[in-house]
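Numbering-wise, numbering that gives the first Met the number 0 puts 60 at position 61 of the sequence shown, and it's gapless, one number per residue. Beta carbons are placed, not taken as given, at the ideal position from N, Cα and C, and that holds for glycine. What you are looking at is a predicted structure, and each value in this text was computed from that prediction instead of being measured. See structure below.
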Amino acid sequence: MKALAVHPGHPNSVHLAEIAEPSLKSIPGDRGVLVETLQVGLDATDAEINEALYGRAPEGDDYLVLGHEVFGKVLEVGSAVKHLQPGDYCTCTVRRPGPTIYDKIGRNDITSYETYFERGINLLHGFMTQRFVDDAEFMVNVPVGLVHLGVLSEPASVCAKAIEQAYLAQQRLQVWEPKLAFVMGAGQIGLLTTMMLRLRGIEVYTLARTPHPG
């Protein structure tokens with residue numbers, strides 16, 4: 000099976016690799032889901048990993064499969080999987096649990112452990128493959144009506160979390176009523192954040208380092 004991978008620590012090492020087919024049995028408790036990859040988003044993270052700025056291969060491998068923004072179609076599920084079935088469309092979260100209290104309560108995204116596990120980024124292979132298997136716990140069913148936006152689920156979740164955290168932090172003021180926001184950056188994250196803030200009725204100024212249409 001073909002995959003797009005890099006050799007972490009070696010700049011500009013991106014290459015087409017031949018890897019083993021995934022197996023449902025690799026996921027304990029019959030929670031595995033086999034997915035056909037339909038779309039994978041590429042962003043600055045992938046470029047920086049290829050530049051060897053960060054990223055580590057899983058233990059035992061000298062390569063890291065790229066791809067952390069995925070949209071696919073379910074081919075097969077384990078007996079314990081209830082919210083997905085063959086033919087469904089899906090996406091996956093990226094961060095996987097470590098040993099901290101945050102990981103244990105399902106907040107892998109705010110782990111306090113210095114070693115973190117992210118598919119396609121650090122210590123776990125990504126989704127830039129023809130097919131992949133993942134644990135149903137980290138998979139989200141994408142409604143048919145949102146299929147055309149499915150690959151945006153992961154970058155959109157980053158924006159939603161940032162906005163949520165800003166609101167949570169400022170609630171301590173009790174009388175905070177935001178009307179104006181500045182978004183630093185006009186890449187996919189910046190533009191998605193801009194749209195989400197506009198949907199909240201906030202006036203937004205989005206700043207970019209390069210001129211339109213950069």
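The C-beta of TYR204 has fewer than 16 other C-beta atoms within 10 Å across all chains shown, which makes the residue exposed.
GLY119 is the residue among THR209, ALA165, GLY119, ASP45 whose C-alpha sits nearest the C-alpha of VAL64. Annotated as proximal: GLY71 and CYS89, with beta-carbon spacing under 7 Å. From the listed residues ARG130, VAL150, THR92, ALA56, the smallest Cα separation to LEU74 is found for ARG130.
Counting along the chain, the unbroken alpha helix (DSSP H) around ARG197 starts and ends at 187-198. In the DSSP assignment, the residues bridged to MET183 are LEU206. ALA4 has HIS14, VAL64 as its beta-bridge partners, per DSSP.
The alpha-carbon separation between VAL80 and ASP29 amounts to approximately 7 Å. Excluding the 5 residues flanking it on each side, PHE137 has same chain C-beta neighbours closer than 8 Å at CYS91, THR92, ARG95, in chain order.
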